[in-house]
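Each residue of the sequence shown is one higher than the one before, counting from 3 in the numbering used here. All remarks here apply to the structure that follows.
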Amino acid sequence: MLNAIEQKRRQRLAEGKEILSLVSGNPCEQGIYFPMERLQRIYGEYFKKPDYQPHPKGLFIAREALAEFYSKLGFNLSPENFILTSGTSESFFHLFRLLGKAGANFLAPRPAYPLFEHLADLARVHLKFYDLQEARAWAIDFESLEKAADQNTAGLLLISPHNPTGVVASREEIKTLSEFCRQKNLPLICDEVFSDFYFQEGLCPRPGALEDFPLVFTLNGISKRFALPMMKLGWMAVGGDAACVDFVLDQLETYADTFLSVHMPIQRALPDLLKYSEDFVENYVEEVKRRKNLAVKFLKTIPKLQFKEPEGGFYLTFKVLDKVGLEEETWVLKLLEQTGVLVHPGYFFDYEKGVHGVMSFLTDPVILEQAFERIKNFFKI
Ligand SMILES: Cc1ncc(COP(=O)(O)O)c(C=O)c1O
């Protein structure tokens with residue numbers, strides 16, 4: 003059953019009406035492309051002599067390149083600490099299955115990217131939420147975290163930079179999370195798919211490099227970093243207490259061996275991607291930052307939309323001040339009907355307090371500007 007917003011979107015498309023979408027987090031839809039000739043060269047080499055000798059954890063050369071890459075970010079991991087997957091979603095699924103026995107729950111931030119709930123359902127575990135407090139610039143509400151944990155809690159999820167608020171967990175928050183995980187003996191699963199898109203000074207604070215967790219899974223992949231979501235490559239970096247790490251790596255290796263899901267040529271390509279594509283990543287991050295600044299500039303012209311400037315990622319969440327009392331869905335539908343601009347309502351992200359919208363600032367700047375002109379008209383500014 004389609005929700006009313008998706009129905010309206012499809013209806014407009016069928017009627018040939020324009021949609022200015024502010025919801026895509028796919029760089030390839032927004033004019034950002036990895037230089038394909040680099041992959042063509044590597045793939046060309048591979049197909050001269052295509053061999054297939056998979057390793058359940060992923061090719062050693064790929065894991066070795068990851069260990070080197072992460073050592074520059076302050077992680078102390080060997081190639082054996084890495085498992086390749088066909089994407090971060092698959093990594094989450096394996097971890098939910100591995101760590102969560104029947105009736106288990108995982109603590110996840112609210113608001114949160116809806117994918118986690120679907121993955122938890124599939125893995126037959128469920129999520130319990132801890133709050134990110136809007137009034138405190140989306141800081142973690144540790145009281146709600148304490149309250150959410152119970153004897154069935156099997157792990158804690160951190161998304162940093164966060165989708166959809168753009169907030170980044172601070173060093174102090176990471177320290178408190180490590181104390182919480184130590185005290186309750188809980189693993190941390192840290193989704194860092196947006197860690198390159200960090201708009202503050204220095205490196206994005208990474209729990210796996212900064213603090214001592216009993217177990218910490220750092221999840222990432224090439225979908226966002228190299229704008230290559232179609233190549234389907236992700237990984238988990240597993241750190242923490244040696245005995246726990248060895249045990250889970252062994253189990254994860256068995257899971258991975260069952261599917262051998264990772265496409266072989268992209269594993270071959272990963273060392274080159276990590277070593278020789280820094281120039282691409284730097285320009286791309288600059289471009290995303292430029293688009294973020296543009297979105298922030300436009301949003302500031304609409305006082306009825308209140309937001310916290312994102313510290314990282316592709317998304318931001320704004321509060322609609324003068325429509326309080328209106329259903330969130332009604333507002334998003336009205337905006338779409340009257341202006342053709344599509345944003346997500348906050349409730350898509352399990353955020354049910356007040357009236358919110360979520361937008362991707364990755365959006366092509368031309369569309370971004372047109373969309374904001376129409377949003378201003380909508381609010382009669
Ligand atoms: C926070 C977050 N985690 C994970 C994913 C999925 O990543 P992948 O393409 O590696 O499966 C996304 C996709 O947008 C995301 O926003």
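Quick reminder that beta carbons are idealized off the backbone N, C-alpha and C, glycines included. Fair warning: this is a prediction, and the values are worked out from it, not measured in the lab.
So, with DSSP's three-state summary, where would you put residue i?
i, result
"residue 230", "coil"
"residue 96", "helix"
"residue 345", "coil"
"residue 272", "helix"
"residue 417", "The structure shown does not extend to residue 417, since the chain spans only 3 to 383, so no value can be given for it."
"residue 286", "helix"
"residue 379", "helix"
"residue 246", "helix"
"residue 263", "coil"
"residue 218", "strand"
"residue 212", "helix"
"residue 22", "strand"
"residue 190", "strand"
"residue 197", "coil"
"residue 362", "strand"
Rounding to the nearest angstrom, what Cα-Cα distance links residue i and residue j in this structure?
i, j, result
"residue 141", "residue 163", "12 Å"
"residue 159", "residue 193", "8 Å"
"residue 131", "residue 42", "44 Å"
"residue 114", "residue 168", "11 Å"
"residue 96", "residue 44", "29 Å"
"residue 374", "residue 301", "8 Å"
"residue 173", "residue 297", "27 Å"
"residue 351", "residue 49", "42 Å"
"residue 329", "residue 357", "7 Å"
"residue 92", "residue 382", "45 Å"
"residue 295", "residue 112", "25 Å"
"residue 378", "residue 304", "7 Å"
"residue 185", "residue 104", "23 Å"
"residue 76", "residue 219", "15 Å"
"residue 361", "residue 319", "7 Å"
"residue 312", "residue 278", "29 Å"
"residue 187", "residue 216", "7 Å"
"residue 339", "residue 372", "16 Å"
"residue 19", "residue 376", "15 Å"
"residue 148", "residue 35", "43 Å"
Could you tell me if the beta carbon of residue i falls within a distance shorter than 8 Å of some heavy atom in ligand 1?
i, result
"residue 231", "yes"
"residue 36", "no"
"residue 286", "no"
"residue 313", "no"
"residue 115", "yes"
"residue 360", "no"
"residue 365", "no"
"residue 25", "no"
"residue 195", "yes"
"residue 181", "no"
"residue 355", "no"
"residue 73", "no"
"residue 268", "no"
"residue 263", "no"
"residue 302", "no"
"residue 161", "yes"
"residue 80", "no"
"residue 225", "yes"
"residue 165", "yes"
"residue 8", "no"
Check this for me: beta carbons of residue i and residue j, under 9 Å apart or not?
i, j, result
"residue 99", "residue 86", "no"
"residue 110", "residue 118", "yes"
"residue 276", "residue 68", "yes"
"residue 165", "residue 316", "yes"
"residue 154", "residue 195", "no"
"residue 270", "residue 367", "no"
"residue 108", "residue 157", "yes"
"residue 23", "residue 268", "no"
"residue 54", "residue 266", "yes"
"residue 333", "residue 84", "no"
"residue 11", "residue 344", "yes"
"residue 239", "residue 79", "yes"
"residue 214", "residue 206", "no"
3-residue-minimum beta strand (DSSP E) runs that sit fully inside the segment 149-187, ordered along the chain: 155-161
Segments of 4+ residues assigned as alpha helix (DSSP H) that fall wholly inside the segment 72-151: Whole alpha helix (DSSP H) segments, 4+ residues: 90-101, 117-124 and 144-150.
Those runs of the alpha helix (DSSP H) which lie wholly inside the segment 300-360 and span at least 4 residues: 330-341
Ordered list of alpha helix (DSSP H) runs contained in the segment 30-74, each at least 4 residues: 38-50 and 62-73
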